[in-house]
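When we follow the working numbering, the leftmost residue of the sequence shown carries the number -5, and every step to the right adds one.
Written out below as C-alpha cells is the structure these notes cover.
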Amino acid sequence: MPPTLAQRLQEIAAILTRAGIDDPRREATLLLGHFLDLSPTELLLRGDEKIPAPAGLATAVERRAKREPLAYILGKTDFYDITLQVSPAVLVPRPETELLVEETLARIANDRPSRWLDAGTGSGAIGIVLARQRPQTTVIGIDASMAALKVAAGNQQRLTGHLRLLAADGRHLPFASHCFDGIVANLPYVAAADLIGLAPEVRDFEPRSALDGGPRGVELYLACLPEFHRVLRPGGHLLFEIGADQADIFRHHLTPAAGFEQAEIVRDYAGLPRIVRCRRCA
C-alpha cells in the first residue's frame, strides 16, 4: 500500500532536512503539490489519502537534495505579482529585487507615455512587471545572453505584449542619445573571489555570467555608466541593484562630474544597502 499524502510529505521533508535545506516542510509541500497538481491547502485536507507516487517526484526530490534550486526543478517561480518560467539560463529572481521594482514604479509616470530600459533583463522579471503596471510606458529589455532572452521571450508572450526584447551589451547600447526617461539595471555584482562562498544553489547551478561582476563586483556597472548616461535624457532616472558592501564605491562615481546627481542608497528588507538611485544631470 502506498503511504498517505501526509506520510509522503513527511518523508520528503526528512530527505530535504538531511540535505540542509532551510525550509524543508515548505519545499516538500511545493514539490509534492507540483507533481499532484494540488495546492498546499488541498494537500493538508487530503493528507489521509493514499496516492501512488507520481512519475518524476523521486527524481525531483533527489535533485533538490543535491541543492539544485527549487525554481529550476519546478521550471517556475513567483515574483512580484506574476509567475515566471525559469531555467538554468537565468538567475532565479530574488525577493529583494521586488524592492528595485517598487522604487522604479514610483518614478514612472502613470498618466503619460515614457520610455524605459531594463538592462540585464534575464528572465524578463523586472521589465514584465513594469510593462504590466505602467501600460503607457515603452519598456525595452536587453541582455547579452541569447539563452536568457529565449526565457524572457517565453515569459513576455505569456504575460505581456508591452515588453520589447533585444540582444545587447550595456557597454555598447544600440540606441540614440537621450532616448530613455529611465534605466533600471540588475547586472552581475558579486566579486569574483566571493563566488566560492555563495550558497550551493547559487554557486553550483546559476549562470556564472549573471553573477560575476569582476574583481570588486562593480566593474561591469562602472563600464556601463558612460552608455547609461548617454542614452538617458537630461534628468532621467537610473536605478540598479548592488552588493551590500558597494555603496561607497557608487557614491564616489555617481557625481555631477560624471554626469549624475541626487545619488541615494536604498536599504533592503534586511537593512542592507541594496539599490542605487540617481538622476542624469539636467
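Positions of the beta carbon are idealized from the N, C-alpha and C atoms, including for glycine.
Could you check whether residue j and residue i sit closer than 7 Å to each other, using their CB atoms as the reference points?
| i | j | result |
| --- | --- | --- |
| Phe234 | Val270 | yes |
| Pro182 | Asp206 | yes |
| Ala130 | Leu99 | Correcting the residue type first, residue 130 is Gln in the shown sequence and not Ala. The answer is no: Cβ separation not under 7 Å. |
| Leu37 | Gly50 | no |
| Asn149 | Leu266 | no |
| Ser117 | Ala146 | yes |
| Asp163 | Ala186 | no |
| Ile122 | Val95 | no |
| Arg158 | Cys218 | no |
| Glu255 | Cys275 | yes |
| Gly135 | Thr115 | yes |
| Phe29 | Pro48 | yes |
| Ala141 | Ala83 | yes |
| His156 | Ala125 | yes |
| Leu93 | Asp262 | yes |
Just checking my contact of residue i with residue j at CB under 8 Å: how many whole Å lie between their CB atoms?
| i | j | result |
| --- | --- | --- |
| Phe169 | Val225 | 5 Å |
| Arg273 | Gly230 | 7 Å |
| Glu195 | Pro(-3) | Not a contact, Cβ separation roughly 28 Å. |
| Ala54 | Leu25 | 6 Å |
| His223 | Gly253 | 5 Å |
Counting C-beta neighbours from all protein chains within 10 Å, is the total for residue i 16 or more, i.e. buried, or is it exposed?
| i | result |
| --- | --- |
| Tyr66 | buried |
| Asp175 | buried |
| Glu200 | buried |
| Pro87 | buried |
| Gln1 | exposed |
| Leu232 | buried |
| Tyr215 | buried |
| Ile102 | buried |
| Glu21 | buried |
| Tyr74 | buried |
| Arg152 | exposed |
| Asp112 | buried |
| Glu221 | buried |
| Pro18 | buried |
| Ala193 | exposed |
| Thr71 | buried |
| Leu3 | buried |
| Leu(-1) | buried |
| Thr23 | buried |
| Ala251 | exposed |
| Ala268 | Rather than Ala, the amino acid found at residue 268 in this sequence is Arg. Label assigned to Arg268: buried. |
| Leu248 | buried |
| Glu43 | exposed |
| Lys52 | Checking the sequence shown, residue 52 turns out to be Ala, not Lys. It is exposed - the Cβ of Ala52 has fewer than 16 other Cβ atoms within 10 Å. |
| Ala264 | exposed |
| Leu167 | buried |
Within 7 Å (strictly less), CB to CB, does residue i reach chain D?
| i | result |
| --- | --- |
| Ile102 | The chain inventory of the structure shown lacks chain D, comprising one protein chain alone. |
Taking DSSP's pairing of strands, which residues face residue i in a bridge?
| i | result |
| --- | --- |
| Ser108 | Thr131 |
| Ile259 | Val270 |
| Thr77 | Asp72 |
| His166 | Asp163 |
| Leu233 | Val178, Arg271 |
| Thr(-2) | Lys44 |
| Asp242 | DSSP output for Asp242 lists no bridge partner at all. |
| Arg158 | Ile134 |
| Val184 | Asp206 |
| Ala113 | Ile136, Ala179 |
| Phe254 | Arg274 |
| Leu226 | Phe174 |
Checklist entry - How do the stretch 49 to 63 and the stretch 0 to 10 stand: do at least 3 beta-carbon pairs fall below 8 Å, yes or no? => result The stretch 49 to 63 is in contact with the stretch 0 to 10.
Checklist entry - Should the stretch 74 to 88 be called in touch with the stretch 101 to 112, which here means at least 3 C-beta pairs below 8 Å? => result No, because fewer than three Cβ pairs between the stretch 74 to 88 and the stretch 101 to 112 fall closer than 8 Å, the two stretches do not touch.
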